[in-house]
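Okay, so here's the structure we're looking at.
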Amino acid sequence: MDTRQSSLAERHAVADGQPQVKFVTRGVHVYYGEKEAIKGVSLDILNNEVTALIGPSGCGKSTYLRCLNRMNDTVDSARVTGSILLDGTDIYDKKVDVVQLRARVGMVFQKPNPFPKSIYENVAYGPKIHGLATKKADLDAIVETSLKKAGLWNEVSDRLETQGTALSGGQQQRLCIARAIAVSPEVILMDEPCSALDPIATARVEELIDELRENYAIVIVTHSMQQAARVSQKTAFFHLGDIVEHGKTEQIFTNPREERTRDYITGRFG
Amino acid sequence: MTDTSRTTSYLQSEEAARRVKKRYAAEKRFRFYGLAMISIGLIFLAILFYTIISAGLLGFQSSQIKVQVPLTAENLGIEPGASREDIEAISGFKLTKLARASLHTYLGLADGDRDARARSDGLLSNGVDTQLRDLILDDPAIIGSTVDVWLMAHGNVDPFLKRQISRDLPEERRLLNDQQLGWLDRLAADDRAALKFNTNLFKMGASADPELAGVAVGLIGSFFMMVLVVVIALPIGVGAAIYLEEFAPKNKLTDLVEVNINNLAAVPSIVFGILGLAIFINLLEMPRSAPVVGGLVLSLMTLPTVIIATRSALRAVPPSIKQAALGVGASKMQAIFHHVLPLAMPGILTGLIIGLAHALGETAPLIMIGMVAAVFDIPGGPLDPATALPVQIYMWAGLPERGFVALTSAAIMILLAFLLTMNATAVILRKRFERRW
Amino acid sequence: MPNDHIVTSYDKELENLRSSIARMGGLAETQIAGAVDALFKRSAERAEQVVEADKALDDLEIAIERDAISILARRQPMASDLREIVSALKMSSVLERIGDYSKNIAKRVTAINESDNFRIVRTVGDMAHLVQKMLKDVLDAYIDQDAVKAMDVWERDAPVDELYNSLFRELLTYMMEDARSITPCTHLLFAAKNVERMGDHVTNLAEIVFYLVNGEILEDTRPKGDRTSFTVLRPNED
């Protein structure tokens with residue numbers, strides 16, 4: 000499996016002239032106090048691809064996702080071991096600043112969580128604190144392009160001063176995506192981004208994910224296997240804190256190699 | 000299948016119907032109890048308000064007697080066109096005598112009738128000299144003319160004009176004898192004795208005469224202390240709460256601090272008074288009876304409340320907001336100060352209101368630090384001696400004169416008004432915060 | 000399937016689908032046997048039965064298609080379930096084709112019967128027997144989820160082709176010898192061709208079973224034994 004992936008990565012690298020593997024994670028363990036939540040996960044995350052993490056509740060997929068931008072740091076009892084390399088640099092190295100890291104690795108959460116401020120403020124917040132724009136005009140431009148990329152500009156361009164929380168659920172989630180891409184990250188992590196949305200809003204977000212793939216590496220945790228099948232190129236199946244199987248989405252969903260994977264995706268778990 | 004049908008038939012049976020009826024009856028009963036409890040509460044509240052307001056309204060009125068006073072330069076013993084200092088230097092004795100003489104003239108009492116004169120003097124307040132002096136100071140041009148002026152009546156006159164004391168009492172047990180009452184009736188018939196609005200209540204400090212006593216000193220003292228509490232307890236309390244909630248490492252020491260804060264909120268307030276006495280007055284040698292010490296003591300007392308309220312307000316902010324901020328790369332402090340704190344502000348303000356209301360009504364610790372002294376002069380700053388509204392009420396409640404009964408209730412009404420104003424301000428502030436965010 | 004779905008009605012639907020395919024397979028087998036039987040017994044009545052019975056196969060195919068589409072729409076099957084549905088769809092249409100070939104053979108019985116003294120060449124019967132056995136085996140492989148067995152069937156098509164080649168030459172010779180035999184021989188040739196096609200379809204079934212079990216599409220091409228497309232017989236050469 001690994002050799003296959005690295006050779007794929009090399010193929011990409013030759014094609015575009017830049018390294019295509021964004022994250023290399025090897026032997027990642029996460030402990031919450033005494034409890035081992037992740038037991039040695041190794042996975043590569045490639046640029047311009049959507050990697051879906053699936054698995055039953057409590058399998059560690061969200062925990063793994065949160066390792067990638069060190070969101071686990073906010074949990075006092077969490078301890079992470081193993082190596083997580085972003086473009087070859089270990090993100091758990093002492094020299095890596097977590098604030099900078101989170102600007103490079105953006106995150107979209109399960110429940111749409113816009114700040115209770117105006118739409119404009121929501122998108123402009125990240126660039127402001129990172130000092131990406133000093134002039135108002137620059138900030139305006141960032142807000143506009145981010146909202147356009149998130150496919151929300153046409154719907155909100157005439158009411159940027161209204162509260163972000165006044166939007167519909169689907170719009171809120173796209174606003175959160177716009178907020179994440181406003182700081183021009185390289186990787187976007189999505190933790191069940193559609194679980195609170197209706198099917199139409201879900202379809203919009205999925206369409207957006209597919210468009211964003213052109214410029215970012217995307218990792219998405221989802222409970223909907225159909226969604227994983229629809230949006231991702233690679234799928235990794237987590238179970239009991241371990242990756243049971245990972246590979247091309249097509250293969251995972253038509254011909255999984257592991258029985259546990261098959262049982263899970265066909266609805267036979269028990 | 001059989002199970003379902005059995006259940007169905009049971010649900011349609013009479014016994015089931017009875018059970019349902021019983022359940023509804025229980026609910027109805029509970030609603031009735033609730034309503035009854037609320038009614039009882041409202042009735043008690045109404046009784047409380049009725050007692051305070053009915054007694055207090057009289058406190059807002061004072062008996063006054065209109066007298067024609069010839070304010071000639073000769074009578075006042077000054078040159079025409081005298082300076083302010085000269086006017087201020089007029090002896091109170093002279094002014095009192097002038098006012099009393101004017102009343103003698105009105106009542107037609109002969110020079111030699113010393114007894115009658117003394118009795119007539121008993122109708123006027125001991126504070127008429129100040130009243131007259133203020134009148135002249137306000138408008139020195141009136142020197143030389145005879146003014147028809149309302150002067151404070153003596154505290155003994157007040158209950159009769161307010162009809163608090165029956166005239167049927169035997170003369171020896173009455174504060175005024177038959178002659179004095181006759182004069183009073185004559186004055187009243189002549190529209191020269193009446194109840195007027197009691198401006199002294201808001202202008203004056205402590206006094207042994209009810210007609211000259213006021214809450215001004217207490218009001219100002221309380222105001223200074225509340226300002227101090229807001230300035231000291233709010234930033235310290237909020238800061239401590241943020242640190243404990245968001246930054247403090249979770250260990251035994253933090254737990255200990257937490258337990259102590261929770262316990263401090265339950266410590267009797269008098270303990271804070273003893274603490275204030277020991278530290279601020281004995282150790283730091285701060286002035287006694289000063290609002291600054293009172294404010295510090297009340298701040299200490301309010302701190303735990305503010306800390307606890309702030310912590311629960313911070314905890315009530317959905318963690319998703321903080322995560323969102325961290326997710327776009329905000330530092331922990333930025334996430335808290337930009338997003339969490341503003342959302343917690345309404346809750347913090349609510350806690351502050353509760354703390355302030357508590358502090359405003361506090362008496363015991365203030366007594367400990369000497370704010371129970373009778374202060375006559377309006378304090379100019381927080382370092383001047385003052386008293387507090389609740390202490391003033393406490394002191395008046397212990398005085399025997401009839402007039403102080405009404406004054407006590409009136410002061411309670413003022414205290415309530417103070418409290419309502421303070422709460423309204425906080426509610427408006429909170430509303431503004433909610434709208435901004 | 001080793002363990003069951005959490006949703007039991009899903010299991011029931013898949014089970015129905017599987018048994019429908021098995022039933023269709025059984026019917027198709029009977030149809031081959033019936034057609035060949037009618038051919039050798041020269042029984043128009045028997046042939047009529049076979050033609051009639053093909054209707055049942057068509058109905059089953061439509062039913063399977065409907066069920067499969069319904070499962071696809073409602074259950075969004077994944078992995079082995081998805082392959083099961085897709086296989087059922089494909090197998091039902093292949094089995095329906097096999098049924099059509101049997102019907103076609105049965106239809107030719109009347110025409111062949113016109114020539115009284117025409118002897119039915121035994122080879123057709125042998126071919127039909129082989130194909131019938133292959134069909135039975137591939138259905139067993141389907142029910143047992145046995146890819147090895149399916150591959151075994153896949154390789155057994157070659158003898159059928161060989162038989163067909165020799166039959167082709169034989170019938171050509173008859174036709175050259177006696178012009179009156181041309182009509183029955185042509186019909187018989189078509190019947191034999193149908194049997195040979197059935198054999199090819201059975202290998203398709205074997206490939207489907209292989210995919211169903213292994214999840215991989217069999218990409219190797221099977222060696223084709225039917226060389227009749229290139230066979231030329233010249234009378235003066237003999």
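Chains as they are written, first to last, in numbering that gives the first Met the number 0: chain A, 0 to 269; chain B, 0 to 436; chain C, 0 to 237. Built from N, CA and C at the ideal position, the CB exists for glycine as well.
Closest in alpha carbon position to B/M367, among B/I413, B/A358, B/S330 and B/I273, is B/I273.
Straight-line spacing of the CA atoms in B/V316 and A/T164 works out to 15 Å. Annotated as proximal: B/Q179 and B/R118, with beta-carbon spacing under 8 Å.
Within chain B, the residues placing a beta-carbon under 8 Å from that of A/A179 are G326 and V327, ordered along the chain.
B/I427 and B/I347 have their C-alpha atoms some 14 Å from each other. Residues of the segment 125-140 of chain A with a C-beta atom less than 7 Å from some C-beta of chain B are G125, I128 and H129, listed in chain order. At least 8 Å separates the beta-carbon of A/G26 from that of A/S61. Taking 8 Å as the cut-off, the beta carbon of A/V122 is found closer than this to the beta carbon of A/A181.
When secondary structure is reduced to three states using DSSP, A/T24 falls in the strand class.
Under the three-state reduction of DSSP, B/Q60 is assigned to strand. Against chain C, the beta carbon of A/N254 has neighbours under 7 Å at A78, G214 and E215, listed in chain order. Here the alpha carbon of B/L211 sits roughly 28 Å from the alpha carbon of B/E73.
C/V231 counts as exposed, since fewer than 16 other C-beta atoms from the protein chains shown sit within 10 angstroms of its C-beta. Pairing B/L297 with B/A205 gives a Cβ-Cβ distance that is not under 8 Å.
By the criterion of at least three beta-carbon pairs nearer than 8 Å, the segment 34-43 of chain A is not in contact with the segment 178-197 of chain A. Within chain B, no residue has its CB atom less than 8 Å from the CB of A/D86, the nearest being about 17 Å off.
Residue environment analysis places C/Q131 among the buried positions, since at least 16 neighbouring C-beta atoms fall within 10 angstroms of its C-beta.
Of all residues in the segment 335-362 of chain B, only H337, H338, P341 and L342 place a beta-carbon less than 9 Å from a beta-carbon of chain A. In summary, no residue of the segment 216-229 of chain A has a CB separated from any CB of chain B by less than 9 Å. Around the Cβ of A/S231, a 10 Å sphere holds 16 or more other Cβ atoms; the residue is buried. Apart from the 5 residues on each side of it in sequence, B/G217 sits with its Cβ closer than 6 Å to the Cβ of T386, A387, L388 and Q391 in its chain, given in chain order. Assigned with DSSP and collapsed to three states, A/V155 falls in helix. For A/H238 and A/G54, the gap between their C-alpha atoms comes out near 6 Å. B/P318 has no beta-bridge partner at all, per DSSP. When secondary structure is reduced to three states using DSSP, B/D184 falls in the helix class. The C-beta distance from A/Q171 to A/P111 rounds to 3 Å, short enough to fall under 8 Å.
For A/T201, not one C-beta of chain C is nearer than 8 Å to its own C-beta. Here B/M36 is exposed. Its C-beta has fewer than 16 other C-beta atoms within 10 Å. Between the segment 195-203 of chain B and the segment 52-68 of chain B there are three or more C-beta pairs closer than 8 Å, enough to call the two in contact.
Following the DSSP letters along the chain, one finds A/M106 inside the beta strand (DSSP E) bounded by residues V104 to V107.
One alpha carbon belongs to B/E170, the other to B/S144, and they sit about 39 Å apart. Cβ-Cβ distances below 6 Å link B/K161 to L57 in the same chain, with the five nearest sequence neighbours on each side left out; the list follows chain order. Inter-residue distance for B/V229 and B/I352 is about 10 Å (C-alpha atoms, whole angstroms). Rounded to the nearest whole angstrom, the C-alpha separation of B/G111 and B/A373 is 39 Å. Taken through DSSP and simplified to helix, strand or coil, A/L84 comes out as strand. With respect to chain C, the C-beta atom of A/F268 has a partner C-beta closer than 8 Å.
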